[in-house]
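Protein chains: 2
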Amino acid sequence: MAKSPKISVSHEPGGLIVHISGLLPSLSPAEQRVARLVVADPADAARRTITDLATAAETSEATVIRFCRSVGMDGYPQLRIRLAAEAARRIEPPDARVVGGDIPPGADLAQIIATIAFNDARAVEETAQQLDPAVCEQVVEAIVGAGRIEVYGAGASGFVASDFQQKLHRIGRIAFSFPDVHTALTSAALLGKGDVAVGISHTGTTSDVIEVLEQARTRGAVTVALTNFPRSPITEVADFVLTTAARETTYRSGAMASRLAQLTVVDCLFVGVAARNRARARRALEVTAEAVRTHRVGGSRRRS
Amino acid sequence: MAKSPKISVSHEPGGLIVHISGLLPSLSPAEQRVARLVVADPADAARRTITDLATAAETSEATVIRFCRSVGMDGYPQLRIRLAAEAARRIEPPDARVVGGDIPPGADLAQIIATIAFNDARAVEETAQQLDPAVCEQVVEAIVGAGRIEVYGAGASGFVASDFQQKLHRIGRIAFSFPDVHTALTSAALLGKGDVAVGISHTGTTSDVIEVLEQARTRGAVTVALTNFPRSPITEVADFVLTTAARETTYRSGAMASRLAQLTVVDCLFVGVAARNRARARRALEVTAEAVRTHRVGGSRRRS
DNA sequence: GCGGCTCATGAAAGTAAGTTTCATCCGTGG
DNA sequence: CCACGGATGAAACTTACTTTCATGAGCCGC
């Protein structure tokens, strides 16, 4: 009939709240009361039930529904969801995370957590960014074709080395890592052409690791260095150099982030190797997973 | 009577989605189907009605309600709203890198690197987000006051355990970690009041670690669990539970990201402990750094 | 002032959504 | 084999949402 209702409300792409306050004056008094509540605190409105909201606006549920329709929603539930989404979006976490390096002396745990996580995450991202896929490819190639792989690392890097060794081992590659220099040296002396030696050192100056890598190279093995410093001594004994990108902070936090970055590189190499023979790697993983299964307790589910 | 299953499974301040995926394995099969739908597309789930969602998950409405309760919501409407809010918050959809997903078979190294780095970084960030500072504080407190600290972990988590042990040791705390269960068990048997035992297990189902932690608890030590799954068996033998937030993926990439997340938590605890006595920790760090100095080559010059 | 009109409004009826209860089923361990 | 406990969906039930409809206020033109 005559008066076509307020259709053509278009698609309010930007903000629902803005949209609502825009057509607020065109609403009936009772609907305006609802609208004002909604605009004032969208998140709160989203939490309320229709009856609740109606009561708060001193009106009936029917009016709330009419309001929903007036602003272009199908019904109340839809409005609620849109409001929740809207409210969530506008609350941008100001998040005063300490961007720089060190943790301030008076920091509480929450700050410490935020700082560490931020630096860790950034180290991982930046490492990935500067990692040269071509070099990785060559290293993966070498590992895939290797008769034997040895991984060296001291201190914290030693754990990364062990981790890498374990990973390679799990997908059926013959890999070793060593707890001490002497064992490593003797083992490196037995390497030959077609074998691969990987040395991990954050600073790139760990003499033990360099020494072993040098030995390996002398024997004809392909040598790979993983370090944070592209000009450090370890790079001189390496055929391929992979670098992490943990920023220099004080030695502590720097080393912490670096270790995560190292692991990320290790993961990349690992997946690269595994991807070379998907079926075989998967099979190996399944078998090894099965092997430890009896060491897992069953139903992890539990209700009270 | 109040059959209150209100176990208050921690707070989930960070991300509801993250929280849900952590809880996933502790859910019943039918609930898992619902959870997967929700995690896969929160925005879509928020749009659906309960009946609709139940049908999509091939289950009944009752199960959906049970799922809501399992993840700590009052009911379905509340879940819907939270999901809508959550979905709105995540602004950037980095389409190319498969979110929390597997690496596509045909991927080249560059893609692999991007995917891994993305998931690793996110695991770190999300872990930090959902980490409860209050619980950390208590754990730090316990460690600071501990006579002895023991850290247990098997497989990949074993390296994390060793790393933690090494860190604590470097700042002058008496800490141990063990390469095998028997040694660990015998050592745990010697723990007592005032000591701290930390068990690390991604799945939370590693029976060896659980067993040792239980032993430690029996002896009166404070027990801490570090796991990805807040309702896994390990949490039942722990006084304090710290969780990581790596998403479940296939191909073990989940476990890869999880390990980084674990290290992040370890770092947080470490710095927290060190911060308790800054001067002493710094002195210890300097001394230990000095100790390995002779094993470093100087400058960019080759060592002889 | 008075019919007749329009429109906002809420009460109440009606429908759909969400929640609880309960019987059944299935696997597990004795 | 049975007893048990948990998982599950059908159905009963409750609450939330939506529609219908009667009321009454405002507003003309007569």
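One line per chain: the protein sequences are A and B, in this order. For the first sequence, UniProt numbering begins at 1 and goes up steadily by one. For the second sequence, UniProt numbering begins at 1 and goes up steadily by one. Think of the CB as a built atom: it goes at the ideal place given N, C-alpha and C, for glycine as much as any other residue. These numbers come from a predicted model, not from an experiment.
Cutoff 8 Å: residue i Cβ touching any chain B Cβ
{"i": "A/Phe164", "result": "no"}
{"i": "A/Cys268", "result": "yes"}
{"i": "A/Glu61", "result": "no"}
{"i": "A/Cys136", "result": "yes"}
{"i": "A/Val71", "result": "no"}
{"i": "A/Leu109", "result": "yes"}
{"i": "A/Asp84", "result": "Correcting the residue type first, residue 84 of chain A is Ala in the shown sequence and not Asp. Closer than 8 Å: yes."}
{"i": "A/Leu260", "result": "yes"}
{"i": "A/Arg80", "result": "yes"}
{"i": "A/Leu24", "result": "no"}
{"i": "A/Glu125", "result": "yes"}
{"i": "A/Asp74", "result": "no"}
{"i": "A/Gly272", "result": "yes"}
Close Cβ partners of residue i (< 6 Å) along its chain, the five nearest in sequence each way excluded
{"i": "B/Ser201", "result": "Ser157, Val209, Thr227, Ile234"}
{"i": "A/Val198", "result": "Val151, Val224"}
{"i": "A/Phe164", "result": "Val151, Val266"}
{"i": "A/Gly147", "result": "Gly194, Asp195"}
{"i": "A/Gly153", "result": "Val160, Ala161, Ile200"}
{"i": "A/Thr264", "result": "Val124, Thr127"}
{"i": "A/His169", "result": "Ala175"}
{"i": "B/Lys167", "result": "Phe270"}
Beta-carbon proximity of residue i to residue j, cut-off 8 Å
{"i": "A/Ile113", "j": "B/Pro133", "result": "yes"}
{"i": "B/Ala117", "j": "A/Ala128", "result": "yes"}
{"i": "A/Ile174", "j": "A/Ile149", "result": "yes"}
{"i": "A/Val39", "j": "A/Ile65", "result": "no"}
{"i": "B/Arg217", "j": "B/Val237", "result": "yes"}
{"i": "A/Ala87", "j": "A/Ala43", "result": "yes"}
{"i": "B/Ala84", "j": "A/Ala84", "result": "yes"}
{"i": "B/Val34", "j": "B/Phe67", "result": "yes"}
{"i": "A/Leu27", "j": "A/Ser70", "result": "yes"}
{"i": "B/Gly15", "j": "B/Gln130", "result": "yes"}
{"i": "B/Phe229", "j": "B/Gly75", "result": "no"}
{"i": "A/Ala121", "j": "B/Glu211", "result": "no"}
{"i": "A/Ser177", "j": "A/Gly204", "result": "no"}
{"i": "A/Thr63", "j": "A/Ala30", "result": "yes"}
{"i": "B/Leu260", "j": "A/Leu24", "result": "no"}
{"i": "B/Arg80", "j": "A/Ile81", "result": "yes"}
C-beta neighbour in chain A for residue i, strict 8 Å
{"i": "B/Phe159", "result": "yes"}
{"i": "B/Ile116", "result": "yes"}
{"i": "B/Asp44", "result": "no"}
{"i": "B/Val212", "result": "no"}
{"i": "B/Asp52", "result": "no"}
{"i": "B/Leu263", "result": "yes"}
{"i": "B/Val241", "result": "no"}
{"i": "B/Arg247", "result": "no"}
{"i": "B/Asp120", "result": "yes"}
{"i": "B/Ile113", "result": "yes"}
{"i": "B/Leu37", "result": "no"}
{"i": "B/Leu131", "result": "yes"}
{"i": "B/Ala88", "result": "yes"}
{"i": "B/Ala140", "result": "According to the sequence as given, residue 140 of chain B is Val; it is not Ala. Chain A, which has a Cβ nearer than 8 Å to the Cβ of B/Val140, makes this yes."}
{"i": "B/Ala56", "result": "no"}
{"i": "B/Ala30", "result": "no"}
{"i": "B/Ala225", "result": "no"}
{"i": "B/Ala275", "result": "yes"}
{"i": "B/Ala128", "result": "yes"}
{"i": "B/Ala156", "result": "yes"}
Neighbourhood of residue i by C-beta, 8 Å cutoff - its chain only, sequence neighbours within 5 removed
{"i": "B/Gln262", "result": "Ser157, Val160, Ile200, His202, Leu226, Thr244"}
{"i": "B/Glu137", "result": "Gly272"}
{"i": "B/Phe240", "result": "Val135, Gln138, Val139, Ala142, Val222, Thr223, Val224, Ala225"}
{"i": "B/Ala56", "result": "Leu37, Arg48"}
{"i": "B/Cys268", "result": "Ala128, Leu131, Cys136"}
Opposing strand residues paired with residue i [DSSP bridges]
{"i": "A/Ile210", "result": "In DSSP, A/Ile210 forms no bridge with anything."}
{"i": "A/Thr227", "result": "A/Thr243"}
{"i": "A/Ala197", "result": "A/Glu150, A/Thr223"}
{"i": "residue 307 of chain A", "result": "Past the edges of chain A, shown from 1 to 304, lies residue 307 of chain A, and the structure says nothing about it."}
Residues near residue i by beta carbon distance below 7 Å, same chain, minus five either side
{"i": "A/Arg214", "result": "This sequence places Glu at residue 214 of chain A; Arg is not what is there. Same-chain partners within the cutoff: Val237."}
{"i": "B/Ala255", "result": "Ala156, His202"}
Decide yes or no for the touch test of the segment 176-188 of chain B against the segment 175-187 of chain A: beta carbon pairs closer than 8 Å, at least 3 of them. no
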